[in-house]
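Novice: Encoded as structure tokens, here's the structure I'll be asking about.
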Amino acid sequence: MQKIYLSDAGPKVSPAVYGFYRWDSEAENNASSMEKIVNLCLELEINTFDHADIYGSSRCEELFGQVISQKSFKREDLVLFTKCGLRVPHASDASVRVKHYDTSAKHITASVENSLRRLRTDYIDIFLLDHLDPISNLEETAIALEKLKKSGKVNNIGVANFSVFQHQLLASYLHTPIVTHHLEFNLLNTAALDNGQLDYIKQRYMRPLVSAPVASGRIAAGTDEQAVRVRKKLQEIAAKYSVDIESVAVAWLIKLEALPLIGTRDEQRIRNIANAFNIQLDHQDWYELYTASRGEIQE
Numbered sequence: 289m290q291k292i293y294l295s296d297a298g299p300k301v302s303p304a305v306y307g308f309y310r311w312d313s314e315a316e317n318n319a320s321s322m323e324k325i326v327n328l329c330l331e332l333e334i335n336t337f338d339h340a341d342i343y344g345s346s347r348c349e350e351l352f353g354q355v356i357s358q359k360s361f362k363r364e365d366l367v368l369f370t371k372c373g374l375r376v377p378h379a380s381d382a383s384v385r386v387k388h389y390d391t392s393a394k395h396i397t398a399s400v401e402n403s404l405r406r407l408r409t410d411y412i413d414i415f416l417l418d419h420l421d422p423i424s425n426l427e428e429t430a431i432a433l434e435k436l437k438k439s440g441k442v443n444n445i446g447v448a449n450f451s452v453f454q455h456q457l458l459a460s461y462l463h464t465p466i467v468t469h470h471l472e473f474n475l476l477n478t479a480a481l482d483n484g485q486l487d488y489i490k491q492r493y494m495r496p497l498v499s500a501p502v503a504s505g506r507i508a509a510g511t512d513e514q515a516v517r518v519r520k521k522l523q524e525i526a527a528k529y530s531v532d533i534e535s536v537a538v539a540w541l542i543k544l545e546a547l548p549l550i551g552t553r554d555e556q557r558i559r560n561i562a563n564a565f566n567i568q569l570d571h572q573d574w575y576e577l578y579t580a581s582r583g584e585i586q587e
């Protein structure tokens, strides 16, 4: 895959990104599983990886750090995302009683330090805030982010799951540009296209980083009315291009300049997503799929 710029101010990344947001089963979170995924991604020329301080019950960063410290490739050949903000109750942290958001300067700074230690790296390529905490002091949050960037511990700043107004609000406090927005978007969830989030991201000369690009398996196996309707249209179009339906579903996202954030551990599904970049989806095929998603009747 040819590397692309994340934004007019951001770094180059692989057009597909692997994220560990589905790594919830602690029994499956081990160095062997992590190494298998990393090697497959690198084979497919995916060198960009997305983490968070809570992924895999807070173990994914540590496992990733173990794997890359034992490999022959260089740290500078990888692009690492991580994020903080969402906090959920877990046995490993008795201080969290209820799911909440914390984007305070104190939490951001501590989270970055912990992520650097777990990932065994001196810097994070892109650090994102996951949701915006409405009761944290936003000026202090912005100052903390600027300090982390100035120190070299964070090279770029992004956001995840922000509304358009939240995105604008944080940007107004920062001197440093926001380089990406991580949000959920796929053929079965087009809210970001309909509510202006994608338009605003493009206005800021950024590419959206979209999680659940194949709707967590619903596109291939969902039984609800929308999934069945979209899958039927995908099957028609996939036959035209001689590819898997999931590849077409991701090609639909790529047409919007989105970067698919791969979350599955299934090797074939990862390959299906990577193969989407070989498809030149026809303009009207894109609209047929959008129409099927919305349930509109074609005249």
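Heads up: the sequence shown begins at 289 in this note's numbering, then just goes up one per residue.
Just so it is clear, CB atoms sit at the ideal spot from N, CA and C, and this is done for glycine as well.
Since this is a predicted model, take the numbers as computed values, not measurements.
1. Using DSSP's beta-bridge definition, name the partner residues of Ile558.
2. Would you mind stating whether Tyr309 and Lys300 have Cβ atoms separated by less than 8 Å?
3. By Cβ distance, which residues of its chain are closer than 7 Å to Pro303, with the 5 residues on each side in sequence left out?
4. Have a look at Ile542 and Phe473 and give me their C-alpha separation to the nearest angstrom.
5. Compare the Cα-Cα distances from Val531 to each of Leu436, Leu497, Leu569 and Arg517 and report the closest residue.
6. Taking three-plus beta-carbon pairs below 8 Å as touching, is the region 553-565 in contact with the region 510-521?
7. Residues in its own chain within less than 6 Å of Gly551 by CB, not counting five upstream and five downstream?
8. Take Gly298 and list the residues in its own chain whose beta-carbon comes closer than 6 Å to its own, dropping the five residues that flank it on each side.
9. Can you check whether the CB of Trp540 is closer than 8 Å to the CB of Leu475?
10. Could you tell me which residues DSSP pairs with Asn477 in its beta bridges?
11. Check Lys394 in the structure and name its three-state DSSP category.
12. Determine which residues share a DSSP beta bridge with Cys372 and list them.
13. Are the beta-carbon atoms of Thr391 and Leu417 separated by less than 8 Å?
14. For Lys528, collect the residues of the same chain with a Cβ closer than 8 Å to its Cβ; drop the 5 residues on either side in sequence, then sort them by chain order.
15. Just to confirm the assignment, what range does the beta strand (DSSP E) spanning Gly583 have?
16. Quick one: residues in its chain with C-beta nearer than 6 Å to the C-beta of Ser357, no 5 flanking neighbours on either side, listed in chain order?
17. I'd like to know whether the C-beta atoms of Tyr389 and Asp421 end up nearer to each other than 8 Å.
18. Starting from Val305 and walking both ways along the beta strand (DSSP E), at which residues does that stretch end?
19. Using CA coordinates, which residue listed in Ile423, Tyr343, Ile412 and Val326 is at the minimum distance from Glu364?
20. Compute the distance between the beta-carbons of His455 and Val447, then report whether it is under 8 Å.
21. Among the residues of its own chain, which have a CB less than 7 Å from the CB of Glu333, if the five just before and after it don't count?
22. Just the Cα atoms here: how many angstroms apart are His339 and Gln354?
23. Do Leu497 and Val305 have their C-beta atoms closer together than 8 Å?
Specialist: Result, derived from the coordinates:
1. Position 270 of the sequence shown, counting from 1, holds the residue named residue 558. Answer is none; Ile558 lacks a bridge partner.
2. The count along the sequence shown starts at 1 and reaches residue 309 at position 21. The count along the sequence shown starts at 1 and reaches residue 300 at position 12. Not a contact, by the Cβ cut-off of 8 Å.
3. Numbered from 1 along the sequence shown, position 15 holds the residue referred to as residue 303. Hits under 7 Å: Met289, Ile292, Leu547 and Phe565.
4. Position 254 of the sequence shown, counted from the first residue, corresponds to residue 542. Position 185 of the sequence shown, counted from the first residue, corresponds to residue 473. Approximately 11 Å between the Cα atoms of the pair.
5. Here residue 531 is taken as the residue at index 243 of the sequence shown, counted from 1. Measuring from the Cα of Val531, the nearest candidate turns out to be Leu569.
6. no
7. What you label residue 551 is simply residue 263 of the sequence shown in a count that begins at 1. Answer for Gly551: Gly307, Tyr309 and Arg310, listed in chain order.
8. Position 10 of the sequence shown, counted from the start, is the residue given in the question as residue 298. So the list reads Asn444 and Val467, once near-sequence residues are dropped.
9. For this step, residue 475 is matched to residue 187 along the sequence shown. For this step, residue 540 is matched to residue 252 along the sequence shown. Yes, the pair counts as a contact, with Cβ atoms nearer than the cut-off.
10. Within the sequence shown, the letter at position 189 stands for residue 477. In DSSP, Asn477 forms a bridge with Asn474.
11. Residue numbering aside, residue 394 sits at position 106 when the sequence shown is read from its first letter. Helix, per DSSP.
12. Looking up residue 372 in the sequence shown gives position 84. Its beta-bridge partners are Leu417.
13. Walking along the sequence shown from the start, residue 391 turns up at place 103. Walking along the sequence shown from the start, residue 417 turns up at place 129. Yes. Within cutoff.
14. For the purposes of this step, residue 528 is identified with residue 240 of the sequence shown, where counting begins at 1. Asp573, listed in sequence order.
15. Here residue 583 refers to the residue found at position 295 when the sequence shown is read from its first residue. From DSSP, Gly583 is part of no beta strand (DSSP E); its letter is neither H nor E.
16. By 1-based counting over the sequence shown, the position of residue 357 is 69. These residues qualify, in order along the chain: Arg408.
17. Counted from its first residue, the sequence shown places residue 389 at position 101. Counted from its first residue, the sequence shown places residue 421 at position 133. A contact, by the Cβ cut-off of 8 Å.
18. Locating residue 305 in the sequence shown gives position 17, where the first residue counts as 1. Where Val305 is concerned, the enclosing beta strand (DSSP E) stretches over Val305 to Gly307.
19. In the sequence shown, the residue the question calls residue 364 occupies position 76. Of Ile423, Tyr343, Ile412 and Val326, the residue nearest in Cα terms is Ile412.
20. The count along the sequence shown starts at 1 and reaches residue 455 at position 167. The count along the sequence shown starts at 1 and reaches residue 447 at position 159. Yes, these two residues count as a Cβ contact at 8 Å.
21. Counting from one through the sequence shown, the residue named residue 333 turns up at place 45. So the list reads Met289 and Ser302, once near-sequence residues are dropped.
22. Taking the sequence shown and counting its residues from 1, one reaches residue 339 at position 51. Taking the sequence shown and counting its residues from 1, one reaches residue 354 at position 66. Straight-line Cα distance between these residues: approximately 14 Å.
23. Counting from one through the sequence shown, the residue named residue 497 turns up at place 209. Counting from one through the sequence shown, the residue named residue 305 turns up at place 17. In this structure, Val305 lies closer than 8 Å to Leu497 by Cβ.
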